[in-house]
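**Student:**
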Amino acid sequence: MRIGILTGGGDCPGLNAVIRAVVRNAAEHGSDVIGFFEGWRGVIENQSRPIVPDDVRGILRQGGTILRTSRTNPFRDQETLEKLLAHWGDLGIDALVAIGGEDTLGVAARLYEEYQWPVVGVPKTIDNDLNATDYTFGFDTAVSIATDAIDRLHTTAESHNRVMVVELMGRHAGWIAIHAGLAGGADFIAIPEHEVNLDEITATVRSRAEKGRSFSILVVAEGAKISGLETTQSDRKDEFGHVVLGGIGHDLARRMEVETGFETRVTVLGHVQRGGTPTAYDRVLATRYGFHASELVHRGVFGQMVALSGSEIVAVSLADAVAEPKTVPEDFRRLAETFFG
Ligand code: F6P
């Protein structure tokens, strides 16, 4: 077979591990792999080259993606879509492995449904917000990096009697914030799924101070909703219509200092959460995903995404995977709340 592969959307640690696994498994089946560069842009503009087993040596532990990535949306206009469909017809590709989050896999699902493309999806995103899988790869690494940051902020916060606000990524899901906040023993975690009032946060800081704890660690997801706090989110959007988030941490920090009198500092962890080497967990998960995606391709099973269900890798429909984002359930948030303050 001739198998295309692409990585789309925001990069995350483990992409190279998936590519390596697909290429190695395909070689065992006697198939060739063609890598498209920069996500869907590579198919639209026919930027591709064969990826052979020698090309994937030593990349398991590398962050980023050797195929590079972009947030290109082939459905953004008719002209772009026609270009994509025309190139696809010329390429002689038997199957396409699309590695991405809701946007990249949303395109894959449409191409399967509307144009019968032989696609298989692999769930990638630090945000962990894809439905129909327990975990996406990249999430564990992001949580580890964020937890390490919170641990480090603890010692400096305590030394200076400061409030530390930590803004974490995750878009409209609070998975990174709630996991890293729990693991790091944060005093408050604000996530998009549950609107809080600014007063709840200031009350937490004050009540800690009354108990002699003169520092606080406040974790805020970039998409958190805090009533009573004026935020300065940008109105810039990407090709899929997502607002570019970021900035709520600074808004919160400013108000905390005014409301509580504690000197307050802010850390916006940003793209550090997406960079560098994947954790062992993500390397193994990504490798399993890549291997099973290639197996599905060789069995001729398309329109599916490989997924983690408990400890098993299963196949789920791409349509289900992108139907709606997976958000933090209320019972998990309430569990985290037990440890606030
Ligand atoms: O989806 C992954 C993610 O890192 C989000 O958590 C974040 O909102 C967004 O991508 C940032 O995108 P960009 O890399 O385009 O700044």
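Just so it is clear: in the sequence shown, position 325 is 324 by the working numbering, and no numbers are missing. Glycine included, every Cβ here is placed at the ideal spot set by N, Cα and C. The model shown is predicted, which means the values in this text are computed figures rather than measured ones.
Any heavy atom of the ligand F6P closer than 6 Å to the CB of D128?
**Tutor:** Incorrect: D128 has no Cβ contact closer than 6 Å to the ligand F6P.
**Student:** How many angstroms separate the CA atom of D198 from the CA atom of N24?
**Tutor:** 55 Å
**Student:** Nearest-angstrom Cα distance between R1 and A94?
**Tutor:** 7 Å
**Student:** Which residue's Cα is closest to the Cα of V17: S47, R48, G62?
**Tutor:** G62
**Student:** Answer yes or no: do A318 and Q303 have a C-beta to C-beta separation smaller than 7 Å?
**Tutor:** For the 7 Å CB-CB criterion, A318 and Q303 do not form a contact.
**Student:** Which partner residues of T263 appear in the DSSP bridge assignment?
**Tutor:** V162
**Student:** If you compare alpha carbons, which of V162, D237, E229, E258 is closest to G246?
**Tutor:** E229
**Student:** How should E27 be labelled, buried or exposed, when 16 other C-beta atoms within 10 angstroms of its C-beta is the threshold for buried?
**Tutor:** exposed
**Student:** Given L284, which residues of its chain have a CB within under 6 Å of its CB, disregarding the five upstream and five downstream residues?
**Tutor:** F136
**Student:** Should G180 be listed as close to the ligand F6P, given that the test is whether its C-beta is under 6 Å from any heavy atom?
**Tutor:** no
**Student:** Got a sec: does the ligand F6P put a non-hydrogen atom nearer than 6 Å to the Cβ of L244?
**Tutor:** yes
**Student:** Considering only C-alpha positions, which residue in the set R70, D54, S143 is nearest to G99?
**Tutor:** R70
**Student:** Would DSSP call G309 helix, strand or coil?
**Tutor:** coil
**Student:** With distances taken from CA atoms, which of S158, L244, F338, G240 is nearest G180?
**Tutor:** Relative to G180, the option among S158, L244, F338, G240 whose CA is nearest is F338.
**Student:** Rank G240, T231, S310 by C-alpha distance to the C-alpha of A364 and give the top, closest one.
**Tutor:** Beyond the ends of the chain as shown, which are 0 and 340, falls residue 364; an answer cannot be given.
**Student:** Which first and last residues belong to the beta strand (DSSP E) in which I2 is found?
**Tutor:** 1-6
**Student:** On a Cα-Cα basis, can you pick out the residue from T79, I190, W116, Q77 that is closest to G88?
**Tutor:** W116
**Student:** In angstroms, rounded to a whole number, what distance separates the CA positions of R332 and H178?
**Tutor:** 10 Å
**Student:** Distance check for R161 and R254, CA to CA, integer angstroms please.
**Tutor:** 14 Å
**Student:** Considering A185, what are the terminal residues of the beta strand (DSSP E) in which it resides?
**Tutor:** From DSSP, A185 is part of no beta strand (DSSP E); its letter is neither H nor E.
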